[in-house]
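Let me begin by presenting the structure, written as structure tokens, before commenting on it.
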């Protein structure tokens with residue numbers, strides 16, 4: 157049976173805070189995406205190097221009246237067809253040569269108030285995932301994202 161797969165819809169970076177801007181691609185290191193800065197020190201940790209968000213949830217929130225687009229809530233990678241929000245911690249994602257490990261669901265914070273004061277409450281449980289970088293490399297928009305088999309975990 158084939159492993160689930162999806163596509164990389166957007167690669168986003170910023171000089172700090174939100175929104176992040178969409179770029180064609182970026183180098184992914186154990187510290188995160190090159191060219192991406194964090195406004196808060198709590199984000200400068202290896203287990204929070206990359207944030208991912210489902211395209212399907214983004215469009216769902218748009219349908220609920222929120223003006224969102226890839227990078228708006230501060231995610232680095234927007235993915236489609238993967239349903240990353242429902243994957244368990246420890247799941248490995250391969251994007252070209254890059255290997256990410258899902259660490260923990262992302263929790264919304266007050267920074268989202270600049271988009272809409274109700275967003276941080278509405279987005280609970282569907283805010284994406286934080287990941288660590290197991291193997292560095294380059295990612296580009298439209299790349300395939302492959303979920304690794306559960307028994308093929310990298311260390």
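Numbering (this note's numbering), first residue to last: 157 to 311.
Note that CB positions come from ideal geometry on N, CA and C, so glycine has one too.
Best match in the options for proximity to residue i [C-alpha to C-alpha]
i	options	result
residue 229	245, 220, 207 and 243	207
residue 185	202, 171, 174 and 284	202
residue 211	304, 237, 187 and 193	237
residue 204	294, 261, 276 and 169	261
residue 259	280, 265, 276 and 249	249
residue 278	286, 293, 291 and 264	264
residue 299	257, 282, 253 and 285	253
residue 255	273, 241 and 293	293
residue 220	166, 272, 297 and 167	272
residue 275	176, 166, 216 and 167	216
residue 295	282, 242 and 233	233
residue 257	191, 291 and 167	291
Rounded C-alpha distance that separates residue i from residue j
i	j	result
residue 224	residue 268	11 Å
residue 180	residue 251	14 Å
residue 187	residue 289	8 Å
residue 172	residue 214	21 Å
residue 169	residue 178	7 Å
residue 240	residue 247	9 Å
residue 266	residue 174	11 Å
Bounding residues of the alpha helix (DSSP H) (the contiguous stretch that carries residue i)
i	result
residue 277	275 to 278
First through last residue of the beta strand (DSSP E) which encompasses residue i
i	result
residue 215	Unbroken run through residue 215 is the alpha helix (DSSP H), 211 to 219; no beta strand (DSSP E).
residue 251	248 to 251
residue 286	285 to 291
residue 245	No beta strand (DSSP E) holds residue 245; DSSP gives it neither H nor E.
residue 163	161 to 169
residue 256	254 to 261
residue 183	181 to 185
residue 236	233 to 236
residue 301	300 to 303
CB of residue i within 7 Å of CB of residue j, strictly
i	j	result
residue 301	residue 164	yes
residue 193	residue 209	no
residue 159	residue 280	no
residue 235	residue 284	no
Exposed unless 16 or more other CB atoms sit within 10 angstroms - verdict on residue i
i	result
residue 183	exposed
residue 287	buried
residue 311	The predicted model places residue 311 with a pLDDT of 44, which falls under 50 and marks its position as unreliable; any figure quoted below should be read in that light. With fewer than 16 other Cβ atoms within 10 Å, it is exposed.
residue 244	exposed
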